[in-house]
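For the sequence shown, position 278 (counting from the first letter as 1) is numbered 341 according to this note's numbering, and the numbering increases by one without interruption. What follows is a set of notes on a single structure, which appears directly below.
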Amino acid sequence: MQTTAGCRALLGSIVPRDAHIVSLLRASGALIIGHANMCEWASLRGSLESMGYSSRGGQVRNPYNLSMSAWGSSSGSAVAVAAGIVALAYGTETDTSIISPANYAGVVGIKPTVGLTSRAGVVPGSESLDSVGVFGRGVGDAVVGLQVVVGRDERDPYTKEAEGHVVDYGECIAGKEALKGAVFGLPMKRVWENVDEAIRPRFEEVFQMIRDAGAEIVEVDFPCWEAMIDEKGWNWNTRPDHQSEYLVCGYEFYHSLRLYLSSLTNTPLRTLEDVVAYNTTHHDGALPGDDPGFPSGQDLLAHLVTKKDVPHETYLAALSYIRQQSRENGIDAALVYQPDASKPAIKLDALLLADRKGPGQQLAAQAGYPIITIPVGVDGGEAVWV
Numbered sequence: 064m065q066t067t068a069g070c071r072a073l074l075g076s077i078v079p080r081d082a083h084i085v086s087l088l089r090a091s092g093a094l095i096i097g098h099a100n101m102c103e104w105a106s107l108r109g110s111l112e113s114m115g116y117s118s119r120g121g122q123v124r125n126p127y128n129l130s131m132s133a134w135g136s137s138s139g140s141a142v143a144v145a146a147g148i149v150a151l152a153y154g155t156e157t158d159t160s161i162i163s164p165a166n167y168a169g170v171v172g173i174k175p176t177v178g179l180t181s182r183a184g185v186v187p188g189s190e191s192l193d194s195v196g197v198f199g200r201g202v203g204d205a206v207v208g209l210q211v212v213v214g215r216d217e218r219d220p221y222t223k224e225a226e227g228h229v230v231d232y233g234e235c236i237a238g239k240e241a242l243k244g245a246v247f248g249l250p251m252k253r254v255w256e257n258v259d260e261a262i263r264p265r266f267e268e269v270f271q272m273i274r275d276a277g278a279e280i281v282e283v284d285f286p287c288w289e290a291m292i293d294e295k296g297w298n299w300n301t302r303p304d305h306q307s308e309y310l311v312c313g314y315e316f317y318h319s320l321r322l323y324l325s326s327l328t329n330t331p332l333r334t335l336e337d338v339v340a341y342n343t344t345h346h347d348g349a350l351p352g353d354d355p356g357f358p359s360g361q362d363l364l365a366h367l368v369t370k371k372d373v374p375h376e377t378y379l380a381a382l383s384y385i386r387q388q389s390r391e392n393g394i395d396a397a398l399v400y401q402p403d404a405s406k407p408a409i410k411l412d413a414l415l416l417a418d419r420k421g422p423g424q425q426l427a428a429q430a431g432y433p434i435i436t437i438p439v440g441v442d443g444g445e446a447v448w449v
């Protein structure tokens with residue numbers, strides 16, 4: 064199959080061998096139907112785009128309402144499951160690219176811990192954040208799909224960290240009786256407090272179902288909320304370079320794409336500059352107005368070319384900053400609950416996110432931590448999730 068990341072410039076590109084997860088799927092007896100459409104270059108093409116659009120595949124539409132967004136960047140994978148075309152689909156996430164389209168398609172999406180699944184053979188985005196995950200119509204389906212593709216791969220050194228941590232995820236599936244005695248945290252500042260009033264009642268119904276099953280939900284906050292969560296929701300470019308997730312992703316994308324393209328024998332493209340030049344020469348949506356799917360043209364790709372000149376020390380500082388803030392000063396801290404200093408702190412079982420605007424998803428992405436989304440209903444023709 065042609066692997067293009069949605070880019071017409073890579074039409075005809077046949078990878079020299081299967082991606083590691085594809086090899087595992089074939090060995091398990093899975094039937095590979097094909098590539099799904101996506102946001103071109105995983106939404107790294109233009110700062111303004113029609114979500115779910117690529118120059119190769121056109122526009123992915125929301126199966127619940129064709130006039131609404133399918134989101135992205137793994138749009139086609141989520142929609143293929145929601146529409147009943149396949150039982151399972153896979154995609155990659157750098158930041159929200161599995162969870163968001165799963166949300167809008169009303170399916171289960173699992174983004175595993177970075178390193179639990181191999182990225183070898185996958186068009187790269189960010190080696191520090193990228194994770195291959197799965198979409199399913201229910202948790203059981205998604206867990207089966209995840210179990211097949213986890214584990215060590217010599218071609219992806221990040222998977223070494225997963226050794227000794229892989230379990231039988233099927234054994235983790237249980238009924239609501241498993242919730243008895245569990246304690247969940249509900250992040251408030253710039254997360255729950257930013258949920259639209261119109262859909263809060265549905266989330267509150269779900270929270271009550273969780274309580275009725277014997278669990279407790281407590282209010283918590285991410286200590287990093289003011290520094291890391293934008294008032295309007297998801298935003299990866301609000302801080303200076305030495306603290307920027309955008310810089311980390313741009314720097315890694317530029318250099319890892321060059322390595323990926325060097326492995327291909329049937330395309331003349333070798334660098335991000337080559338991709339930008341192709342789009343310009345072929346008028347392939349390179350400029351604003353060329354293609355309605357890319358209102359800003361390829362301004363983001365063109366800007367990412369400049370990341371090759373970023374000092375390595377600045378990149379390392381930015382990676383260290385987003386890691387520390389999202390982990391120790393973010394998710395790790397929020398999972399420790401101590402409302403009364405006179406009593407011992409307790410470790411929460413998980414955090415619940417009514418994450419309509421994406422800040423919780425973004426912290427999980429920056430931390431390299433796992434996250435799952437579960438549909439809880441449809442509101443106004445658009446899926447609602449937790």
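By construction, the Cβ of each residue, glycine as well, lies at the ideal position given by its N, Cα and C atoms.
Next on the checklist: I'd like to know whether the C-beta atoms of residue 68 and residue 186 end up nearer to each other than 7 Å.
Outcome noted: In the sequence shown, counting from the first residue as 1, residue 68 sits at position 5. In the sequence shown, counting from the first residue as 1, residue 186 sits at position 123. Contact flag set, yes.
Checklist entry - Can you tell me whether residue 429 is buried or exposed, with buried defined as 16 or more other CB within 10 angstroms of its CB? => result For the purposes of this step, residue 429 is identified with residue 366 of the sequence shown, where counting begins at 1. Residue environment analysis places residue 429 among the buried positions, since at least 16 neighbouring C-beta atoms fall within 10 angstroms of its C-beta.
Item to check | Closest by C-alpha distance to residue 436, when choosing among 225, 65, 160 | outcome: Reading the sequence shown from its first residue, position 373 is the one you call residue 436. Minimum Cα distance to residue 436 is reached at 160.
Checklist entry - Taking the Cβ atom as the reference point for each residue, do residue 177 and residue 431 lie within a distance shorter than 7 Å? => result Translated into positions along the sequence shown, residue 177 becomes position 114. Translated into positions along the sequence shown, residue 431 becomes position 368. Yes, these two residues count as a Cβ contact at 7 Å.
Next on the checklist: Classify residue 271: buried if its beta carbon has 16 or more other beta carbons within 10 angstroms, exposed otherwise.
Outcome noted: The residue you call residue 271 lines up with position 208 of the sequence shown. Residue environment for residue 271: exposed (fewer than 16 other C-beta atoms within 10 angstroms of its C-beta).
Checklist entry - In whole angstroms, what is the alpha-carbon distance linking residue 318 and residue 214? => result Residue mapping note: residue 318 aligns to position 255 of the sequence shown, counting from 1. Residue mapping note: residue 214 aligns to position 151 of the sequence shown, counting from 1. Straight through space, the alpha carbons of residue 214 and residue 318 are spaced by roughly 25 Å.
Next on the checklist: As a quick exercise: from 158, 163, 134, 171, pick the residue whose alpha carbon is nearest that of residue 144.
Outcome noted: One-based indexing of the sequence shown puts residue 144 at position 81. Closest in alpha carbon position to residue 144, among 158, 163, 134, 171, is 171.
Checklist entry - Taking only runs of the alpha helix (DSSP H) that begin and end inside the region 250-311, which ones reach a length of at least 4 residues, in chain order? => result Within the region 250-311, the complete alpha helix (DSSP H) runs of at least 4 residues are 263-275, 288-291.
Next on the checklist: Using the Cβ count rule (16 or more neighbours within 10 Å means buried), how would you classify residue 300?
Outcome noted: Here residue 300 corresponds to residue number 237 of the sequence shown, with the count starting at 1. Counting of Cβ neighbours within 10 angstroms places residue 300 among the exposed residues, the total staying below 16.
Item to check | For residue 190 and residue 352, the rounded distance between their alpha carbons | outcome: Working through the sequence shown from its first residue, we reach residue 352 at position 289. Working through the sequence shown from its first residue, we reach residue 190 at position 127. If you take the alpha carbons of residue 352 and residue 190, they lie about 33 Å apart.
Checklist entry - Around the C-beta of residue 64, are 16 or more other C-beta atoms found within 10 angstroms, so that it is buried, or is it exposed? => result For the purposes of this step, residue 64 is taken as residue 1 along the sequence shown, with counting starting at 1. Counting other Cβ atoms within 10 Å of its Cβ, residue 64 stays below 16 and is therefore classed as exposed.
Item to check | Residue ranges of each beta strand (DSSP E) within the region 150-183, 3 or longer | outcome: Assignment of beta strand (DSSP E) within the region 150-183, counting only whole runs of 3 or more residues, yields 151-156, 171-174 in chain order.
Checklist entry - Start and end of the alpha helix (DSSP H) containing residue 362? => result On the sequence shown, residue 362 is found 299 positions in, with the first residue counted as 1. Run containing residue 362: 362-368, per the alpha helix (DSSP H) assignment.
Next on the checklist: Could you compute how far the alpha carbon of residue 70 sits from the alpha carbon of residue 303?
Outcome noted: Your numbering for residue 70 matches position 7 in the sequence shown. Your numbering for residue 303 matches position 240 in the sequence shown. One C-alpha to the other measures close to 30 Å.
Checklist entry - So, using beta-carbon positions, are residue 286 and residue 396 closer together than 7 Å? => result Position 223 of the sequence shown, counted from the start, is the residue given in the question as residue 286. Position 333 of the sequence shown, counted from the start, is the residue given in the question as residue 396. One thing to note: residue 286 has its Cβ within 7 Å of the Cβ of residue 396.
Checklist entry - For residue 413, does the three-state DSSP call read helix, strand or coil? => result Locating residue 413 in the sequence shown gives position 350, where the first residue counts as 1. Three-state result, residue 413: strand.
Item to check | Rounded C-alpha distance that separates residue 295 from residue 104 | outcome: Here the question's residue 295 lines up with position 232 in the sequence shown. Here the question's residue 104 lines up with position 41 in the sequence shown. Cα to Cα, residue 295 sits roughly 25 Å from residue 104.
Next on the checklist: Between 91, 131, 269, 338, which has its C-alpha nearest residue 367's C-alpha?
Outcome noted: Sequence index remark: in the sequence shown, residue 367 carries index 304 (1-based). Of 91, 131, 269, 338, the residue nearest in Cα terms is 338.
Item to check | Option nearest residue 355 by Cα separation, candidates 265, 116, 243, 166 | outcome: Taking the sequence shown and counting its residues from 1, the one referred to as residue 355 is at position 292. Checked all of 265, 116, 243, 166; the closest Cα to residue 355 is 116.
Item to check | Rounded straight-line distance, which links the Cα of residue 322 to that of residue 78 | outcome: Mapped onto the sequence shown, residue 78 falls at position 15. Mapped onto the sequence shown, residue 322 falls at position 259. The C-alpha of residue 78 lies about 13 Å from the C-alpha of residue 322.
Checklist entry - Does the beta-carbon distance from residue 83 to residue 184 come in below 7 Å? => result For the purposes of this step, residue 83 is taken as the residue at position 20 of the sequence shown. For the purposes of this step, residue 184 is taken as the residue at position 121 of the sequence shown. Contact: yes.
Checklist entry - Excluding sequence positions up to five away, which residues of its chain have a Cβ less than 7 Å from the Cβ of residue 76? => result Within the sequence shown, numbered from 1, the residue matching residue 76 stands at position 13. Cβ contact annotation for residue 76 (same chain, cutoff 7 Å, sequence separation greater than five): 65, 66, 67, 327, 329, 330, in chain order.
Next on the checklist: Just to confirm the assignment, what range does the alpha helix (DSSP H) spanning residue 194 have?
Outcome noted: Here residue 194 is taken as the residue at index 131 of the sequence shown, counted from 1. Per DSSP, residue 194 lies in no alpha helix (DSSP H) segment; the continuous beta strand (DSSP E) that holds it begins and ends at 194-199.
Checklist entry - Between the beta-carbon of residue 425 and the beta-carbon of residue 418, is there less than 7 Å? => result Sequence index remark: in the sequence shown, residue 425 carries index 362 (1-based). Sequence index remark: in the sequence shown, residue 418 carries index 355 (1-based). No. Outside cutoff.
Checklist entry - Can you name the start and end residues of the beta strand (DSSP E) that residue 442 belongs to? => result Counting from one through the sequence shown, the residue named residue 442 turns up at place 379. From DSSP, the beta strand (DSSP E) with residue 442 extends over 438-442.
Next on the checklist: Checking 7 Å against the spacing of the C-beta atoms, do residue 413 and residue 311 come in under that value?
Outcome noted: Numbered from 1 along the sequence shown, position 350 holds the residue referred to as residue 413. Numbered from 1 along the sequence shown, position 248 holds the residue referred to as residue 311. Not a contact, by the Cβ cut-off of 7 Å.
Checklist entry - Does the beta-carbon of residue 253 have 16 or more other beta-carbons within 10 angstroms, so that it is buried, or is it exposed? => result Residue 253 sits at position 190 when you count from the first residue of the sequence shown. By the 10 Å Cβ count, residue 253 comes out buried.
Checklist entry - Three-state secondary structure (DSSP) at residue 76? => result Locating residue 76 in the sequence shown gives position 13, counting from the first residue. DSSP places residue 76 outside both helix and strand once states are collapsed to three, so it counts as coil.
Item to check | Helix, strand or coil at residue 432 [DSSP, three-state] | outcome: Here residue 432 is taken as the residue at index 369 of the sequence shown, counted from 1. In this structure, residue 432 counts as coil in the three-state DSSP scheme.
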